[in-house]
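Peer 1:
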Amino acid sequence: MTETVFHRSKADLLPERPPPPGTAGAVGWVRENLFSSWTNSALTILSLYLLWLVVPGVFGWAFLDAGFAGTDRTACEGAGACWAWVDQRIGQFLYGFYPREQTWRVDLALLLLVPAAAPILFDKLPFGRKALWFSLAYPFLAVLILLGGFGLEEVPTDKFGGFMLNITIGLAGIIVSLPFGILLALGRRSQMPVLRLICIGFIEAFRGIPLVTFMFTAALLLPLFLPSHFNWDLVLRVIVVVTFYAAAYIAEVIRGGLQAIPRGQYEAAQALGLGYWQSMRLVILPQALKISIPGIVNTFIALFKDTTLVIVIGLFDILNIGNQMVANPDWLGLGLETYVFISVFFFVICFSMSRYSMHLERRLDTTRR
Amino acid sequence: MKKAKFAIAAVGLIAFSGIAAPAQAATLQDVQAAGVLRCGINTGLAGFAFTDDAGNWIGFDAAYCKALAAAVLGDPSKVAYVNLSGANRFPALASGEIDVLSRNTTWTFSRDVDLGFTFVGVSYYDGQGFIARKSLGISSVVELNGASICIQTGTTTELNLADYFRSNGISYEPVPIEDNEEARVAYVAGRCDAYTADASALAATKTTLEDPDAHMVFPQIISKEPLGPLVRQGDDQWADIARWTLNVLKNAEEYGVTRGNVAALARGTNNPEINRMLGSEGSLGAMLGLNADWAVKVIAAVGNYGEIFEEFLGPNTPLELQRGVNALYKDGGLQYAPPMR
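Protein chains in written order, with the working numbering: chain F, 3 to 371; chain G, -19 to 321.
1) Shorter than 8 Å from the beta carbon of F/Val240 to some beta carbon of chain G?
2) Please report the distance separating the alpha-carbon of F/Ala139 from that of F/Leu334.
3) Got a sec, what are the start and stop residues for the alpha helix (DSSP H) F/Ser354 sits in?
4) If you count every other CB in all the chains shown that lies within 10 Å of the CB of F/Arg190, and 16 or more means buried, which is it?
5) Would DSSP call G/Asp178 helix, strand or coil?
6) Using a Cβ cut-off of 8 Å (strictly closer), state whether G/Pro324 contacts chain F.
7) Would you mind reading off the limits of the beta strand (DSSP E) that contains G/Thr225?
8) According to a CB-to-CB cut-off of less than 9 Å, which residues of the stretch 230 to 264 of chain G neighbour chain F?
9) In chain order, what residues of the same chain have a beta carbon less than 6 Å from the beta carbon of G/Trp274, not counting five sequence neighbours either side?
10) Could you check whether the Cβ of F/Pro212 sits closer than 8 Å to any Cβ belonging to chain G?
11) Check for me: the beta strand (DSSP E) holding G/Arg18 runs from which residue to which?
12) Given 8 Å as the limit, is there contact between the stretch 190 to 210 of chain F and the stretch 120 to 129 of chain F, that is, 3 or more CB pairs closer than that?
13) Measuring alpha carbon to alpha carbon, tell me which of G/Val11, G/Pro192, G/Leu116 and G/Trp224 ends up nearest G/Cys172.
14) Have a look at G/Tyr309 and G/Leu226 and give me their C-alpha separation to the nearest angstrom.
15) Anything in chain F within Cβ reach of G/Glu161, meaning under 7 Å, just list it in chain order.
16) I need the DSSP call for F/Asp125, collapsed to helix, strand or coil.
17) Let me make sure I understand the geometry here. Which of F/Ile202, F/Trp279 and F/Arg239 has the alpha-carbon closest to that of F/Thr219?
18) From what residue to what residue does the alpha helix (DSSP H) around F/Val178 run?
19) Which parts of the stretch 53 to 110 of chain G are runs of the alpha helix (DSSP H), unbroken and 4 residues or longer, counting only runs that do not cross its ends?
20) Please classify F/Trp54 as buried or exposed, where buried requires at least 16 other C-beta atoms within 10 Å of its C-beta.
21) Which of the three DSSP states is assigned to F/Glu155 in this structure?
22) Residues in its own chain within less than 6 Å of F/Met282 by CB, not counting five upstream and five downstream?
23) Counting only runs of 3+ residues fully inside the stretch 114 to 139 of chain G, write out the beta strand (DSSP E) ranges in chain order.
24) Sort out for me which residues DSSP pairs F/Cys84 with in a bridge.
25) Using a Cβ-Cβ cutoff of 8 Å, what residues of the stretch 74 to 89 of chain G are near chain F? List them in chain order.
26) Which residues bound the beta strand (DSSP E) around F/Met194?
27) Any chance you could list the alpha helix (DSSP H) runs of at least 4 consecutive residues sitting entirely within the stretch 250 to 321 of chain G, in chain order?
28) Using DSSP bridges, identify the partner residues of G/Ile157.
29) When the Cα atoms are used, what is the spatial distance from G/Val62 to F/Ala248?
30) Pick out whichever of G/Ser75, G/Gly259, G/Ile118 and G/Ala219 has its Cα sitting closest to the Cα of G/Phe99.
31) I'd like the list of long-range same chain contacts for G/Val242, defined as Cβ closer than 6 Å, with 5 residues on each side in sequence excluded.
32) Nearest to F/Ile312 by alpha carbon, out of F/Ser294, F/Phe182, F/Ile169 and F/Val328?
33) Using 8 Å as the Cβ pair cut-off and three pairs as the minimum, do the stretch 78 to 91 of chain G and the stretch 18 to 28 of chain G touch?
34) Examine the ligand GTP and report whether any of its heavy atoms sits within less than 7 Å of the Cβ of G/Trp218.
35) Tell me the DSSP secondary structure of G/Asp32 in three-state form.
36) Looking only at its own chain, which residues have a Cβ that is under 6 Å from the Cβ of G/Gln29, when we skip the five neighbours before and after it?
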């Protein structure tokens, strides 16, 4: 029996044809995503209408009708926003009352954050793990640069302010609260009753009381009870409070991650002969932390935004700088502009954190899905 | 003026805890040893405490800090400003974190007596007023019957308002507001017919409205808000210095001593009152434990009371406040300083 073998060469294929009109390119995307059904079409049109209502007004207020130059608010004519103050006040918004001729130190500290954070945040970078030593040294280096000493002019923390203060408190809180939170989470699941009780007490105390209360306590009550020569720096007290507060939340987020790890993983680690810390470090925590990333980043974003609460104890973070600027008779009544301006800063930082967390989730996605 | 309850509780804690703040018997020596005056001011209040574009604290309240530093240290720039919220101003003074509080603080009985502070005088007579649109067609607060009124919550103004309307047998609908800026927005948006706050704050608010002439601040003032600097009780020398620094500012205006002519007048005049004040006669400075030319330094640093008022609050500033009751007694106001002899 002869087999008939059909050979096909490329020449036999029909030539490729473009997709039917209206299914590819911009038109196709629009049809697919915006007008795929009657309800979607209706929603799209409604959204466009709402945008049409809002955007021209906002855009006109913020740019077209806005005033950009001048030395006080009377220089701003027209119905729109008045941005003349930005030119005069941007230094205060960024650096607070940090001495003007020293602000390069703030810039330097921020610049050094890039090489310090990069090896932690991204892999496949030059120098590999050696770069982590710099990351480890960075917090101390930054404190030295900002506070001065060793030949640099000393700047007390009451000169800290503006966005720099938000970043200082937020960053310090983030750096310390993660390891602290991990320890608390492990402590809460510990077999040792005293340790467990301490951790539970700590977590519940800090989760159960508003942050503002702790800020007031740190700012007002501690100085009353401590002898006056025992004078902790106010910014340091705030950082401690914010860190403890965030650590309590991080601990609970990570505990959620720990509980999601199947029991088999713990037993497998034990079966391999790993001790408690080894099994945590090599088997359990890598998985638990991966699960917890969205929750952790969520807490960090909340922490960063909570740094504006220092306003209640009279520290001049960016929000308070804005508040006191509109108390200057030259700039009275520009509250809306100031708040819009400040929200841009926060949005940029928080949105970046959120995008990074998504990147991290994709990178670590090794699940057996 | 506001949110004082927490502060009272906190200060009360000192009294009961027995861990009292260290006795501040010799504040003058402490300040001179430190070389800097720690002065508590507002975190930002139009005209009273605000920053210029270079980041320096200025304003009516800040000027008093400068005056006191000039008197005690001879240099008005040697002030460490401590910005305090309504809640933490009293604990800060009680715990010794600041040497003097100059933060638009109303002199009341309980603050003077119960909290253990000493008010050294009145730097600004304020009072609660109302602002409303002229288009309402009313000329008096009592005609606001049934009106919605924006009011900052947790302040004495809230209580004053309730008292006033009850005693006049009229009703109102409160619209609670958190701060001055929010109140301004609410008032502009028409969420309330009238807005009530301290008259100085209302003046500031009025200048920011799109058409200030379409609004009026009613002449009626329904409460007494005498604002002034205060120190801890128990150090009479320090309280005297703080009190007479304030009095020098007022007396200087009365005698016509200004920032411009004080140097010339200090060499001696034929007015013995001026000579005693400026130290070319008598020894008033020494009685306070200060240099003979302490008052000269004060006036050279910040000017007299009238000059300070003109600079930060007066008709040439955006606030456009009139002297009113804050004029000298001889001009029909309430500002009256005891003689320097």
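For every residue, glycine included, the Cβ atom is placed at its ideal position computed from N, Cα and C.
Peer 2: Taking the definition as stated:
1) Reading the first sequence from its first residue, position 238 is the one you call residue 240 of chain F. Cβ-Cβ to chain G under 8 Å: no for F/Val240.
2) As a first step, residue 139 of chain F must be located in the first sequence, where it is residue number 137. As a first step, residue 334 of chain F must be located in the first sequence, where it is residue number 332. Going by the C-alpha atoms only, they are around 44 Å apart.
3) Here the question's residue 354 of chain F lines up with position 352 in the first sequence. Gly337 to Arg365 is the span of the alpha helix (DSSP H), which, as asked, contains F/Ser354.
4) Along the first sequence, read from residue 1 onward, the residue named residue 190 of chain F stands at position 188. So F/Arg190 ends up on the buried side.
5) If you number the second sequence from 1, residue 178 of chain G lands on position 198. DSSP places G/Asp178 in strand when its eight states are reduced to three.
6) Absent from the structure is residue 324 of chain G, since the part of chain G shown begins at -19 and ends at 321.
7) Within the second sequence, residue 225 of chain G is the residue found at index 245, counting from 1. No beta strand (DSSP E) contains G/Thr225, which is instead part of the alpha helix (DSSP H) from Asp216 to Tyr235.
8) none
9) As a first step, residue 274 of chain G is located in the second sequence; it is residue number 294 there, counting from the start. Once the five neighbours on either side are set aside, the close Cβ partners of G/Trp274 are Ala51 and Gly265.
10) Here residue 212 of chain F is taken as the residue at index 210 of the first sequence, counted from 1. No, its Cβ sits nowhere closer than 8 Å to a Cβ of chain G.
11) Here the question's residue 18 of chain G lines up with position 38 in the second sequence. Counting along the chain, the beta strand (DSSP E) containing G/Arg18 begins and ends at Leu17 to Asn22.
12) no
13) For the purposes of this step, residue 172 of chain G is taken as the residue at position 192 of the second sequence. When only C-alpha atoms are compared, the closest one is G/Leu116.
14) Position 329 of the second sequence, counted from the first residue, corresponds to residue 309 of chain G. Position 246 of the second sequence, counted from the first residue, corresponds to residue 226 of chain G. Going from the Cα of G/Tyr309 to the Cα of G/Leu226 covers about 15 Å.
15) Stepping through the second sequence from its first residue, residue 161 of chain G is reached at position 181. Chain F residues near G/Glu161: Val328 and Gly337.
16) Locating residue 125 of chain F in the first sequence gives position 123, counting from the first residue. The DSSP-derived three-state label of F/Asp125 is coil.
17) For the purposes of this step, residue 219 of chain F is identified with residue 217 of the first sequence, where counting begins at 1. The shortest Cα separation from F/Thr219 among F/Ile202, F/Trp279 and F/Arg239 belongs to F/Arg239.
18) Position 176 of the first sequence, counted from the start, is the residue given in the question as residue 178 of chain F. Start and end: Gly164 to Arg190.
19) DSSP runs (the alpha helix (DSSP H)) wholly in the stretch 53 to 110 of chain G: 69 to 74 and 89 to 93.
20) Mapped onto the first sequence, residue 54 of chain F falls at position 52. F/Trp54 should be labelled exposed.
21) As a working mapping, residue 155 of chain F is identified with position 153 in the first sequence. Coil.
22) For this step, residue 282 of chain F is matched to residue 280 along the first sequence. Cβ neighbours of F/Met282 beyond the five flanking positions: none.
23) 127 to 132
24) As a position in the first sequence, residue 84 of chain F is number 82, starting the count at 1. In the DSSP output, where bridge partners are listed per residue, F/Cys84 has F/Gly69.
25) Residues passing the 8 Å Cβ filter: Ala74, Ser75, Gly76 and Glu77.
26) In the first sequence, residue 194 of chain F corresponds to position 192, counting from 1. No beta strand (DSSP E) contains F/Met194, which DSSP labels as neither H nor E.
27) 252 to 258, 264 to 268, 274 to 282 and 285 to 292
28) Within the second sequence, numbered from 1, the residue matching residue 157 of chain G stands at position 177. G/Gln132.
29) By one-based count along the second sequence, residue 62 of chain G stands at place 82. By one-based count along the first sequence, residue 248 of chain F stands at place 246. Distance between the alpha carbons of G/Val62 and F/Ala248 is about 28 Å.
30) Position 119 of the second sequence, counted from the start, is the residue given in the question as residue 99 of chain G. For the residues G/Ser75, G/Gly259, G/Ile118 and G/Ala219, the minimum Cα distance to G/Phe99 belongs to G/Ala219.
31) Along the second sequence, read from residue 1 onward, the residue named residue 242 of chain G stands at position 262. Same-chain partners within the cutoff: Val276, Ile279 and Ala280.
32) Here residue 312 of chain F refers to the residue found at position 310 when the first sequence is read from its first residue. For the sequence presented, residue 312 of chain F should be read as Val rather than Ile. Of the listed residues, the one whose Cα sits closest to F/Val312 is F/Ile169.
33) yes
34) Absence of the ligand GTP is noted for the structure shown, with no ligands found whatsoever.
35) Locating residue 32 of chain G in the second sequence gives position 52, counting from the first residue. Note: G/Asp32 maps to coil in three-state DSSP.
36) Working through the second sequence from its first residue, we reach residue 29 of chain G at position 49. The identity of residue 29 of chain G in the sequence shown is Ala, whereas the question assumes Gln. Within the same chain, G/Ala29 has close Cβ partners Ile21, Asn22, Gly39, Asp41 and Ala42.
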